[in-house]
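Everything below concerns the one structure shown next.
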Amino acid sequence: MSLLHNIKVIITDLDGTLLHTNHQISTYTRAVFQELYQQGYLIIVATGRHHIDAMSLVATLGFPVYLVSSNGARIHSPEKELLFSFDIASDAIKSVLQLGIEPEFTTVLFKEKVWLTNKSNQKLNNFQKELHYPPEIVDFDTIEDFKAIKLFFTHECHDKLVALKNRILDTHHTLFNPAFSLPLCLEFMDKSIDKKRAIAQILQKEAVGFHQAISFGDGYNDEQMLNATAKGLLMANAPDSLKKTLSHLEVIASNDQNGVAQYLSKMLLKTKPSNYAQDGFCN
Numbered sequence: 001m002s003l004l005h006n007i008k009v010i011i012t013d014l015d016g017t018l019l020h021t022n023h024q025i026s027t028y029t030r031a032v033f034q035e036l037y038q039q040g041y042l043i044i045v046a047t048g049r050h051h052i053d054a055m056s057l058v059a060t061l062g063f064p065v066y067l068v069s070s071n072g073a074r075i076h077s078p079e080k081e082l083l084f085s086f087d088i089a090s091d092a093i094k095s096v097l098q099l100g101i102e103p104e105f106t107t108v109l110f111k112e113k114v115w116l117t118n119k120s121n122q123k124l125n126n127f128q129k130e131l132h133y134p135p136e137i138v139d140f141d142t143i144e145d146f147k148a149i150k151l152f153f154t155h156e157c158h159d160k161l162v163a164l165k166n167r168i169l170d171t172h173h174t175l176f177n178p179a180f181s182l183p184l185c186l187e188f189m190d191k192s193i194d195k196k197r198a199i200a201q202i203l204q205k206e207a208v209g210f211h212q213a214i215s216f217g218d219g220y221n222d223e224q225m226l227n228a229t230a231k232g233l234l235m236a237n238a239p240d241s242l243k244k245t246l247s248h249l250e251v252i253a254s255n256d257q258n259g260v261a262q263y264l265s266k267m268l269l270k271t272k273p274s275n276y277a278q279d280g281f282c283n
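In terms of the UniProt record's numbering, the sequence shown has 89 at position 89, counting the first letter as 1, and numbering is strictly consecutive.
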């Protein structure tokens, strides 16, 4: 407990971490986080999601938070002011697509207000309960401006995504920082972008450090963040390969068991919220 006495910052991923598999924040988690906010903790949400999509989710917490989105390519203040923005150059993405990506992969370019994709993918659409950030199906051979926040691929077979990642990195390892946010979600950011670097900017602005932060995640895009904080917690639903890589980290209950909120309630809350009852596990 002595390590946690110094904690002032709580950092959490969204999908597979704070969100249930239905892509929502439970009332139990909301109650715990509202109490943490009232007790003065700085809350940072760090996600691979686009900021428009993520903002609608974090708004359900009921208080303002710092938002790191697109794995660090955007930072928004609690007042929703854009603090940092970085896009991948058009030529860099164009050179990847010219490798001849097989049509069996769903390919996505995350633009500022719309995401361009080669085909409709219902699983991706289901990540948004309300369509705040709409898809647009395009023929990438007809696109001229490929500049984007993030390049994304998905496929039903993780091994095929791994092979695609390796094929792209064979010729583009100096340009891109790849990560699996989920086993079936392969993302490419600019080499300079990751969650840890974005969070560092927020911590500097708030005059606190990683040694005063606790973090929660479930994906390879969380790895550097989890290793940087004083205490990094890995979700039970994280891939076994990531658990092996981060075997020095404690594993907590799954996202569907409200693992983040359970841990924080037990370890950090000085008082419990009034609507803390176990039936708060429902959404």
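A virtual CB, placed ideally from N, CA and C, is assigned to each residue, including glycine.
Next on the checklist: For the stretch 45-56 against the stretch 65-75, do three or more pairs of beta-carbon atoms, one drawn from each stretch, fall closer than 8 Å, so that the two count as touching?
Outcome noted: Yes: the two stretches touch, three or more of their Cβ pairs being nearer than 8 Å.
Checklist entry - Which of the three DSSP states, helix, strand or coil, is assigned to Leu20? => result Strictly speaking, residue 20 in this sequence is His, with Leu absent from that position. If DSSP states are grouped into helix, strand and coil, His20 belongs with coil.
Checklist entry - Where in the stretch 68-130 do unbroken runs of the alpha helix (DSSP H), each at least 4 residues long, occur, reported from the N-terminal end onward? => result For the stretch 68-130, the continuous alpha helix (DSSP H) assignments of 4+ residues that do not extend past its boundaries occur at 90-97, 122-125, in sequence order.
Item to check | Integer Cβ distance of Phe84 from Ile75, believed to fall under 8 Å | outcome: Ile75 and Phe84 do touch by the CB rule: their CB atoms are close to 4 Å apart, below 8 Å.
Item to check | Minimum length 3: unbroken beta strand (DSSP E) runs contained in the stretch 10-61 | outcome: Listed in chain order, they are 42-46.
Checklist entry - Does the stretch 251-260 come close enough to the stretch 15-35 that 3 or more CB-CB pairs lie under 8 Å? => result Taking a cut-off of 8 Å on C-beta distances, the stretch 15-35 touches the stretch 251-260, as three or more cross pairs fall below it.
Item to check | Length of the line joining the Cα atoms of Glu35 and Glu81 | outcome: Going from the Cα of Glu35 to the Cα of Glu81 covers about 24 Å.
Item to check | The beta strand (DSSP E) enclosing Lys231, as first and last residue numbers | outcome: Looking at the DSSP string, the run of the beta strand (DSSP E) that includes Lys231 is 231-235.
Checklist entry - By the 10 Å Cβ neighbour count, where 16 or more other Cβ atoms means buried, how is residue 314 classified, buried or exposed? => result Nothing in the structure corresponds to residue 314, since the chain is present only between 1 and 283.
Checklist entry - Looking at the structure shown, is Gly219 part of a helix, part of a strand, or coil, going by DSSP? => result Here Gly219 sits in coil by DSSP.
Checklist entry - Thinking C-beta only, is Leu186 closer than 7 Å to Leu161? => result Here Leu161 is near Leu186, since their CB atoms are less than 7 Å apart.
Next on the checklist: By the three-class DSSP mapping on this structure, what secondary structure does Asp240 have?
Outcome noted: Here Asp240 sits in helix by DSSP.
Checklist entry - If we ignore side chains and look at the alpha-carbon of each, how far apart do Asp279 and Arg49 end up? => result Note that Asp279 scores a pLDDT of 41, beneath 50, so its modelled location is shaky; the value from the coordinates is reported in the next line. Using only the alpha carbons, I get a separation of about 29 Å.
Next on the checklist: Can you tell me whether Asn177 is helix, strand or coil according to DSSP?
Outcome noted: Three-state result, Asn177: strand.
Checklist entry - Expressed to the nearest angstrom, what Euclidean distance is found between the alpha-carbon atoms of His20 and Glu102? => result Going by the C-alpha atoms only, they are around 32 Å apart.
Checklist entry - So Ile149 is in the beta strand (DSSP E); what residue range does that whole segment cover? => result Segment: none, Ile149 is in no beta strand (DSSP E) and carries neither H nor E.
Checklist entry - Assuming Gln224 and Lys195 make a contact with CB atoms under 8 Å, what is their CB distance in whole Å? => result Contact between Gln224 and Lys195 holds: their C-beta atoms lie close to 7 Å from each other, under 8 Å.
Item to check | Residues near Ser265 by beta carbon distance below 6 Å, same chain, minus five either side | outcome: Correct list, in chain order: Val32.
Checklist entry - Contact check, Thr171 vs Asn121 under 8 Å by CB: the rounded distance? => result The pair is not a contact, with the Cβ atoms about 26 Å apart (cut-off 8 Å).
Checklist entry - In angstroms, rounded to a whole number, what distance separates the CA positions of Ala230 and Gln98? => result Across the structure, Ala230 and Gln98 are spaced so that their CA atoms are roughly 42 Å apart.
Checklist entry - With DSSP run on the structure shown, which of helix, strand or coil describes Ala200? => result Ala200: helix per DSSP, three-state reduction.
Checklist entry - Which class does Tyr133 belong to by DSSP, given the choice of helix, strand or coil? => result Coil at Tyr133, not helix or strand.
Item to check | Where Asn166 falls, given that 16 or more other Cβ within 10 Å makes a residue buried | outcome: Exposed: under 16 other Cβ atoms inside 10 Å.
Next on the checklist: Let me make sure I understand the geometry here. Which of Leu3, Asp13, Lys8, Leu4 has the alpha-carbon closest to that of Asn221?
Outcome noted: Nearest option by C-alpha distance: Asp13.
Item to check | The beta strand (DSSP E) enclosing Val65, as first and last residue numbers | outcome: Element bounds for Val65: n/a, residue is neither H nor E.
Checklist entry - How many whole angstroms separate the CB atoms of Lys111 and Ala148, which I take to be in contact at a CB cut-off of 8 Å? => result About 6 Å separates the two Cβ atoms, so the contact holds.
Checklist entry - Helix, strand or coil: which one does DSSP assign to Leu3? => result Residue state, collapsed to three classes: coil.
Checklist entry - Where Cys282 and Asp91 are concerned, what is the direct C-alpha to C-alpha distance, given to the nearest angstrom? => result Only weak support exists for where Cys282 lies, its pLDDT of 38 falling under 50; the value from the coordinates is given anyway. Between the alpha carbons of Cys282 and Asp91 lies a gap of roughly 47 Å.
Checklist entry - Alpha carbon to alpha carbon, what distance is there between Gly40 and Met1? => result The predicted model places Met1 with a pLDDT of 46, which falls under 50 and marks its position as unreliable, so this point remains unresolved.
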